[in-house]
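One structure is given below, encoded as structure tokens.
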Amino acid sequence: MVSCQLYDYIEIACLYRIPVDLTLVSDALVEGIAVDTCIELGAEFMVLDHLELAKASDEPQRLKIDISTIKIMAARVKNPHFDQVNFIEET
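So the sequence shown is numbered by our numbering: it starts at 103 and just counts up by one.
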């Protein structure tokens, strides 16, 4: 479960549609524009307009990323809210 403080950064990214790079706990990298959050079957998701898929189609391509799998969220553009947010503390 993500703390309220960290969840606020996700909501800010969605509110301002900030392009982000997400590093997942699997070390996979996902890039897209943050647009929304949703809950399905008790799991919380961050919804992204996927940059690469959007280029290949006229329609926006949406990805749902399980918030519990996000390790790092980094802004792809300069903004006054955040540069990078670490969701998992390194031990």
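Here a beta-carbon is modelled for each residue, glycine too, at the ideal position from N, C-alpha and C.
The structure presented is a predicted model; accordingly, all values stated were derived computationally and were not measured.
Separation of Ile135 and Ile120 (C-alpha to C-alpha, rounded to the nearest whole angstrom) is 6 angstroms. With respect to Cys116, Asp138 sits close: the two C-beta atoms are nearer than 8 angstroms. The continuous alpha helix (DSSP H) containing Leu117 extends over residues 106-117.
Shown here, Ile172 sits in a strand according to DSSP, grouped into three states. Contact fails between the region 181-188 and the region 162-170, because fewer than three Cβ pairs, one in each stretch, are under 8 angstroms apart.
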